[in-house]
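Here the structure is laid out as C-alpha cells; the discussion comes afterwards.
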Amino acid sequence: GPDPSLVYRPDVDPEVAKDKASFRNYTSGPLLDRVFTTYKLMHTHQTVDFVRSKHAQFGGFSYKKMTVMEAVDLLDGLVDESDPDVDFPNSFHAFQTAEGIRKAHPDKDWFHLVGLLHDLGKVLALFGEPQWAVVGDTFPVGCRPQASVVFCDSTFQDNPDLQDPRYSTELGMYQPHCGLDRVLMSWGHDEYMYQVMKFNKFSLPPEAFYMIRFHSFYPWHTGRDYQQLCSQQDLAMLPWQVRPLHQVPGPAGRRQAAALLPGAH
Ligand SMILES: [Fe+2]
Numbered sequence: 030g031p032d033p034s035l036v037y038r039p040d041v042d043p044e045v046a047k048d049k050a051s052f053r054n055y056t057s058g059p060l061l062d063r064v065f066t067t068y069k070l071m072h073t074h075q076t077v078d079f080v081r082s083k084h085a086q087f088g089g090f091s092y093k094k095m096t097v098m099e100a101v102d103l104l105d106g107l108v109d110e111s112d113p114d115v116d117f118p119n120s121f122h123a124f125q126t127a128e129g130i131r132k133a134h135p136d137k138d139w140f141h142l143v144g145l146l147h148d149l150g151k152v153l154a155l156f157g158e159p160q161w162a163v164v165g166d167t168f169p170v171g172c173r174p175q176a177s178v179v180f181c182d183s184t185f186q187d188n189p190d191l192q193d194p195r196y197s198t199e200l201g202m203y204q205p206h207c208g209l210d211r212v213l214m215s216w217g218h219d220e221y222m223y224q225v226m227k228f229n230k231f232s233l234p235p236e237a238f239y240m241i242r243f244h245s246f247y248p249w250h251t252g253r254d255y256q257q258l259c260s261q262q263d264l265a266m267l268p269w270q271v272r273p274l275h276q277v278p279g280p281a282g283r284r285q286a287a288a289l290l291p292g293a294h
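Under the numbering used here, think of the first position of the sequence shown as 30, with each following residue one higher.
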C-alpha cells in the first residue's frame with residue numbers, strides 16, 4: 030500500500046494537515062463523495078432482516094482460521110471508504126491506536142491490546158463483504174435513526190424499515206432502557222469482532238469486549254443520542270472508549286497525537 034508517513038507530512042498535501050476541529054468533517058473535503066456513497070448504501074440496506082441474516086451467516090465462525098497478527102497484516106490491503114480523515118491502510122491505524130493508548134494508559138496492557146484489535150473485524154471487507162456492511166459509524170436498526178447519525182436527513186429515505194410501523198418509532202422494537210446488549214446494531218466490524226472475541230474466549234476484561242463492540246457507535250458515545258435504549262451498565266461503560274488518537278478530546282489527546290504524528294497537529 031501507499032507509504033502512510035506521507036499522509037502526515039503537511040508539506041505533501043495541505044488537505045491532511047488539518048487541526049483537530051476539522052476531523053470527522055462530513056460536509057467538505059476531498060474524500061467526501063466516497064464517504065457519502067458508503068453511508069447512503071449503509072442507511073438504505075441495513076435493516077432488521079439484513080442484520081439478522083448476517084448474524085446467522087457469520088455466527089458459525091466457519092470461514093477461516095487466522096492469528097491476530099495474520100489479521101493485522103491482512104488489513105494492509107484495506108482502505109476504509111467511510112473515513113473522511115484517513116486514506117492509508119488499516120494495519121497502520123491498528124498500531125497507531127495501540128501505541129497511543131500505551132502512552133495514555135501505560136499501566137493497562139489489556140487496553141493497548143484493545144487498540145490493536147479494535148478494527149480487525151474489517152477483514153470482512155477482504156472476503157467479499159461490501160464496505161457499507163463492514164465499516165463506518167453504527168446505529169441501532171429496529172427503531173428510528175436519531176439526529177446525530179451522519180447524513181441522517183439525506184440517506185434513509187429508501188430504507189424499508191422506516192416504512193414499517195414496528196421499526197420506525199423512537200423505541201421501535203425495543204423496551205425502554207433495555208440495554209445496548211439487547212439492541213440489534215447495524216452490521217459491521219464492531220459486532221463481528223465482538224462475536225469473534227466471545228467465540229474464542231479472549232481473556233480480556235468486560236470493558237475490552239464492550240469498547241470493541243460499540244467503538245463505532247458515535248451517535249451514542251459522542252452524539253449522546255439513543256439514551257432511551259441505555260441501561261445503567263451502558264452509562265457506566267461510557268467513559269471506556271477506543272478511538273483514533275487524533276479524536277481523543279482535550280490537551281492530553283493533542284499531546285499524544287503530537288508525539289506520534291510530528292508536524293500534523
Ligand atoms: Fe473501527
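Every residue gets a Cβ at the ideal spot worked out from N, C-alpha and C, and that includes glycine.
Between the beta-carbon of residue i and the beta-carbon of residue j, is there less than 8 Å?
i: Y196; j: D190; result: yes
i: H72; j: F180; result: yes
i: T167; j: D219; result: yes
i: L258; j: Y203; result: yes
i: K69; j: W216; result: no
i: D102; j: S120; result: yes
i: G171; j: L213; result: yes
i: G144; j: V271; result: yes
i: H297; j: H244; result: Residue 297 falls outside the range modelled here, since the chain spans only 30 to 294, and no answer is possible.
i: Y255; j: Q125; result: no
For the candidate residues the options, whose alpha-carbon lies nearest to that of residue i?
i: T184; options: P194, W161, D136 and G252; result: W161
i: P118; options: V152, S91 and Y92; result: V152
i: L200; options: V225, T251, R173 and M214; result: R173
i: P268; options: H206, E128, M240 and F52; result: M240
i: R53; options: P248, A265 and D263; result: P248
i: P159; options: S91, L107, F231 and E128; result: L107
i: A100; options: K230, P205, F156 and F238; result: F156
Residue i to residue j, Cα distance in whole Å?
i: I130; j: Q192; result: 43 Å
i: R253; j: S177; result: 8 Å
i: W139; j: M95; result: 20 Å
i: Y221; j: G150; result: 6 Å
i: Y223; j: T56; result: 31 Å
i: K137; j: P194; result: 46 Å
i: V77; j: L61; result: 27 Å
i: Q261; j: G208; result: 8 Å
i: V164; j: S111; result: 6 Å
i: P235; j: R242; result: 11 Å
i: Q86; j: H74; result: 16 Å
i: T251; j: A265; result: 15 Å
i: F231; j: R63; result: 35 Å
i: P205; j: T198; result: 12 Å
i: A127; j: R81; result: 32 Å
i: F238; j: K132; result: 21 Å
i: M226; j: F79; result: 22 Å
i: L274; j: A154; result: Any reading at L274 must be qualified, since the residue scores a pLDDT of 48, below 50, and its modelled position is unreliable; the value itself is stated next. If I take the Cα positions, the gap works out to 23 Å.
i: G58; j: F65; result: 11 Å
With burial defined as no fewer than 16 other Cβ atoms inside 10 Å of the residue's Cβ, what is the status of residue i: buried or exposed?
i: R211; result: exposed
i: T169; result: Here the sequence assigns Pro to residue 169, which means Thr is not the residue at that position. Counting Cβ neighbours within 10 Å, P169 comes out buried, since at least 16 surround it.
i: F228; result: exposed
i: M98; result: exposed
i: A123; result: buried
i: T67; result: buried
i: Y305; result: For residue 305 there is no data in the structure shown, the boundaries of the chain being 30 and 294.
i: D182; result: exposed
i: D40; result: Caution applies to D40, whose pLDDT of 30 falls short of 50 and renders its modelled position unreliable; the model cannot decide the point.
Helix, strand or coil: how does DSSP classify residue i here?
i: P268; result: coil
i: P189; result: helix
i: M202; result: coil
i: M71; result: helix
i: M240; result: helix
i: M95; result: coil
i: P159; result: coil
i: G30; result: Its pLDDT being 33, under 50, G30 is placed unreliably in this model, and the coordinates cannot settle the point.
i: R283; result: Confidence in R283 is poor, its pLDDT being 46 and thus under 50, which makes the residue's placement unreliable; the coordinate value appears in the next sentence. DSSP places R283 in helix when its eight states are reduced to three.
i: P248; result: helix
i: P235; result: helix
Discussion item. Beta-carbon distances below 6 Å to any heavy atom of ligand 3 define the shell here; list its residues in chain order, please.
Written reply: In the structure on display, ligand 3 does not appear, and the ligands it does have are ligand 1.
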